[in-house]
Amino acid sequence: MFTLNLNFSVLAVELIFLITGIFFFLVDKFIKNKNYAYYLVFLAILLGFGFLMFTPFGDFTKAYQKDFFSATIQLFLLIGAFLIVLISYTFLQEFRALNYGEFYGLFLFSLIGAFVMVASQDLLTLYLGMELMSIPVYFLIASNFVYGRNSLEGSLKYFIAGALASAFIILGLALVYHSQGSLIFKDIFTNLAQGLNKKELFAALILILAGFSIKLSLVPFHMWAPDAYQASPLPVTTFLAGIVKFALMGAFIKIMILGFSPLRVELGTFLIPIALITVLIGSLLAIKQDNIVRMLAYSSVAHVGYASLGFLSGDYLGYGFILFYMLIYLFTTIGTFGLLIYLASIKREFLEIPSMSGISQKLPLVAFLILVLFFSLAGVPPTAGFMAKFYIFIMLVKGNFIGVAILALLFSVIGAYPYLRVIKVIYMDKPLYDYEKERYSISLFIPIILSLFIVLLFGVYPKPAVDFIQRTLYLYMNMLLFHT
Amino acid sequence: MVPFEYYVILSLLLFVIGLAGALFRRNLIILLASLEIIMNALIVLFAAISYHTKDISGYLIVFFLIGMAAAEAGVGLTLAVLIYKKLKKVYVDEINFFRG
Numbered sequence: 001m002f003t004l005n006l007n008f009s010v011l012a013v014e015l016i017f018l019i020t021g022i023f024f025f026l027v028d029k030f031i032k033n034k035n036y037a038y039y040l041v042f043l044a045i046l047l048g049f050g051f052l053m054f055t056p057f058g059d060f061t062k063a064y065q066k067d068f069f070s071a072t073i074q075l076f077l078l079i080g081a082f083l084i085v086l087i088s089y090t091f092l093q094e095f096r097a098l099n100y101g102e103f104y105g106l107f108l109f110s111l112i113g114a115f116v117m118v119a120s121q122d123l124l125t126l127y128l129g130m131e132l133m134s135i136p137v138y139f140l141i142a143s144n145f146v147y148g149r150n151s152l153e154g155s156l157k158y159f160i161a162g163a164l165a166s167a168f169i170i171l172g173l174a175l176v177y178h179s180q181g182s183l184i185f186k187d188i189f190t191n192l193a194q195g196l197n198k199k200e201l202f203a204a205l206i207l208i209l210a211g212f213s214i215k216l217s218l219v220p221f222h223m224w225a226p227d228a229y230q231a232s233p234l235p236v237t238t239f240l241a242g243i244v245k246f247a248l249m250g251a252f253i254k255i256m257i258l259g260f261s262p263l264r265v266e267l268g269t270f271l272i273p274i275a276l277i278t279v280l281i282g283s284l285l286a287i288k289q290d291n292i293v294r295m296l297a298y299s300s301v302a303h304v305g306y307a308s309l310g311f312l313s314g315d316y317l318g319y320g321f322i323l324f325y326m327l328i329y330l331f332t333t334i335g336t337f338g339l340l341i342y343l344a345s346i347k348r349e350f351l352e353i354p355s356m357s358g359i360s361q362k363l364p365l366v367a368f369l370i371l372v373l374f375f376s377l378a379g380v381p382p383t384a385g386f387m388a389k390f391y392i393f394i395m396l397v398k399g400n401f402i403g404v405a406i407l408a409l410l411f412s413v414i415g416a417y418p419y420l421r422v423i424k425v426i427y428m429d430k431p432l433y434d435y436e437k438e439r440y441s442i443s444l445f446i447p448i449i450l451s452l453f454i455v456l457l458f459g460v461y462p463k464p465a466v467d468f469i470q471r472t473l474y475l476y477m478n479m480l481l482f483h484t
Numbered sequence: 001m002v003p004f005e006y007y008v009i010l011s012l013l014l015f016v017i018g019l020a021g022a023l024f025r026r027n028l029i030i031l032l033a034s035l036e037i038i039m040n041a042l043i044v045l046f047a048a049i050s051y052h053t054k055d056i057s058g059y060l061i062v063f064f065l066i067g068m069a070a071a072e073a074g075v076g077l078t079l080a081v082l083i084y085k086k087l088k089k090v091y092v093d094e095i096n097f098f099r100g
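Taken in sequence, the protein lines are chains X and A.
For the first sequence, counting from 1, position 387 maps to 387 in our numbering; every step adds exactly one.
For the second sequence, counting from 1, position 90 maps to 90 in our numbering; every step adds exactly one.
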């Protein structure tokens, strides 16, 4: 018999977001000027920063633990969410029919789910956090039907894929529960370290991986991704590509470190073909897309493939580099979609690649920003995207996967084509339209400039971020092994 | 007393039926019903494991899963109603605006 440890100060950030979100749902109908929601979310996230930095670590019952790992990932998620809230303000000024408090409320609920997921201590809490993260996103995607009725279709596809993913994950949970009698990560680790039930637990891990790869859009299950990305409003696409994928990667790394870590070499061998095919398919299908959001969706499939290459060596250093990769991808995505929001506010047709031709003549600043961010996505040296790929490939070479590293390098050459095509269209083609410049709004360009700064800084000097992440993992492992 | 294997066979059968329905049927409502069948199969599985290992936490998981199944049904039916209202379509293969 143990006593329940109801330490609410650990949950402070989630509680703030929960109260703010519920407040939107209750009050939004009675307020005429809808911009209040933006300021309130701004305040809630700033408060969240304060509580995340200054509340002590600890447990909430046995299901939720705030520790080095989860607090670090939550900090990154919160920074990303802050920037996305900033860019969605400008977007909602343009697309007024979406400008309701509920938009931000669903956003915050989804963020709570991501926080719960990365801090969970057993598989059930992880699953519930995952559902809480994805269910508001279905609504956010479907809310775009005011502007394009077909966005319902993208939402439906994402919903069906998500429901099947959760079914597979629960099947894995049932296997774990049958062979272990509990779903807590530490019990799984104890049994695996003693060599008990290895086959059952490996099957369960594969089922859980299947669920995660549907949500992460690894290749056999990537078909929903481009439709859902193209259907959703642009800030929600950013959320889906940046934050949801980052949180899912963080949670999967947590499963691998805490629960299934004796199986990580087997998992690496299992993932080799999946990761390589994901990179190849994502790069190839991105080539023939004309809609830029759809192109970026396929490129996000490829990027998750690159990040999951870090699992192959089964080394904890590789896991740290996965987090670094997803962090860089998060910032690059925010910058890119911020620029797309600016272009869409000038003319809706600018979301098609052929009609973007020649915008460098009237909008040289925007063209230059697109150039730098797309170089980062393609992995050209002075940017952070190159450093992230470099570290992943270094881990592959270190783990004696030289063939895989060479193949991934070749695929990344293919994957550079779609980005370079956009840059060629922007800089070298004749302009098609005549249009007026929009003014550069502050809340849109602060996140863009910040992400550009981060991309350039970590491209030249990545050591602080990498050291921060690796030291977090190292400290976390030490606390885990020697402290319990 | 019914042996444990029978419950496992029942729930896996239901799971496969639900999966086949979700993958191959064209009607939107039947698709949602198939997703419900999958969730119910898993609920039966958890309850059976919990009953046969005399462990209480499986029953607890069952309650969480019922809640999740209800939430999923809510989202799915909302989307189905919206799709019927806006697109006038109920068959999945007619909803094919995005491709490639």
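Even for Gly, the Cβ is constructed at its ideal location relative to N, Cα and C.
These numbers come from a predicted model, not from an experiment.
Cβ pair residue i, residue j closer than 8 Å
| i | j | result |
| --- | --- | --- |
| Ile135 of chain X | Ala165 of chain X | no |
| Leu18 of chain X | Ile79 of chain X | no |
| Tyr229 of chain X | Leu240 of chain X | yes |
| Phe458 of chain X | Ala384 of chain X | yes |
| Leu106 of chain X | Leu140 of chain X | yes |
| Ser226 of chain X | Tyr298 of chain X | The sequence as given places Pro at residue 226 of chain X; Ser does not occur at that position. Taking 8 Å as the Cβ cut-off, Pro226 of chain X and Tyr298 of chain X qualify as a contacting pair. |
| Leu92 of chain X | Asn99 of chain X | yes |
| Leu10 of chain A | Leu42 of chain A | no |
| Phe401 of chain X | Leu312 of chain X | yes |
| Leu485 of chain X | Ile334 of chain X | A query on residue 485 of chain X cannot be resolved here, the shown segment of chain X reaching from 1 to 484 and no further. |
| Ser308 of chain X | Ala275 of chain X | yes |
| Phe321 of chain X | Ile392 of chain X | yes |
| Gly211 of chain X | Phe252 of chain X | no |
| Ile281 of chain X | Leu351 of chain X | no |
| Ile37 of chain A | Gly18 of chain A | yes |
| Tyr476 of chain X | Phe69 of chain X | yes |
| Tyr419 of chain X | Ala378 of chain X | yes |
| Leu192 of chain X | Leu258 of chain X | no |
| Val413 of chain X | Thr332 of chain X | no |
| Leu52 of chain X | Thr20 of chain X | no |
| Leu432 of chain X | Ser357 of chain X | yes |
Those residues which DSSP pairs with residue i across a bridge
| i | result |
| --- | --- |
| Tyr91 of chain A | A:Asn27 |
| Lys66 of chain X | X:Gly58 |
| Glu352 of chain X | X:Asn291 |
| Asp122 of chain X | X:Ile184 |
Any chain X beta carbon closer than 8 Å to residue i
| i | result |
| --- | --- |
| Met1 of chain A | no |
| Ala71 of chain A | yes |
| Ile49 of chain A | yes |
| Phe63 of chain A | no |
| Ile37 of chain A | no |
Residue i: contacting residues in chain X (beta-carbon distance under 9 Å)
| i | result |
| --- | --- |
| Ala22 of chain A | Ile160, Ala163, Leu164 and Ala167 |
| Leu77 of chain A | By Cβ distance, chain X contributes nothing, its closest Cβ being about 11 Å from Leu77 of chain A, past 9 Å. |
| Asp55 of chain A | Tyr177, Gly181 and Ser182 |
Proximal residues of chain A, C-beta to C-beta of residue i below 8 Å
| i | result |
| --- | --- |
| Phe145 of chain X | Leu82 and Lys86 |
| Ala174 of chain X | Leu42, Leu45, Phe46 and Ile49 |
Identity of the residue in the options nearest residue i by Cα
| i | options | result |
| --- | --- | --- |
| Gly268 of chain X | X:Ala465, X:Leu43 and X:Leu205 | X:Leu205 |
| Ala503 of chain X | X:Ala203, X:Phe103, X:Leu371 and X:Val460 | No answer is possible for residue 503 of chain X: the residues shown for chain X start at 1 and end at 484. |
| Phe260 of chain X | X:Tyr306, X:Gly314, X:Leu280 and X:Ile448 | X:Gly314 |
| Val8 of chain A | A:Ser34, A:Ala47, A:Glu36 and A:Leu28 | A:Ala47 |
| Val92 of chain A | A:Pro3, A:Leu13, A:Tyr6 and A:Ile30 | A:Ile30 |
| Thr125 of chain X | A:Met68, A:Ile38, A:Tyr51 and A:Pro3 | A:Met68 |
| Leu45 of chain A | A:Leu28, A:Ala70, A:Leu13 and A:Leu19 | A:Leu13 |
| Ser88 of chain X | X:Gly415, X:Gly338, X:Ala231 and X:Val466 | X:Gly338 |
| Asn5 of chain X | X:Glu266, X:Pro447, X:Phe189 and X:Asp59 | X:Asp59 |
9 Å Cβ cut-off: residues of chain A touching residue i
| i | result |
| --- | --- |
| Asp227 of chain X | Phe97, Phe98 and Arg99 |
| Gln230 of chain X | Phe98 |
CB contact below 8 Å: residue i versus chain A
| i | result |
| --- | --- |
| Gly242 of chain X | no |
| Ser155 of chain X | yes |
| Ala142 of chain X | yes |
| Tyr138 of chain X | yes |
| Glu14 of chain X | no |
| Asn150 of chain X | yes |
| Ile170 of chain X | yes |
| Ala210 of chain X | no |
| Glu102 of chain X | no |
| Ile135 of chain X | yes |
| Glu131 of chain X | yes |
| Leu124 of chain X | yes |
| Leu128 of chain X | yes |
Neighbour list for residue i in chain X, Cβ cutoff strictly below 8 Å
| i | result |
| --- | --- |
| Leu13 of chain A | What Leu13 of chain A touches in chain X: nothing, since even the nearest Cβ is about 14 Å away. |
| Leu10 of chain A | Here the premise fails: no neighbours, minimum Cβ distance about 13 Å. |
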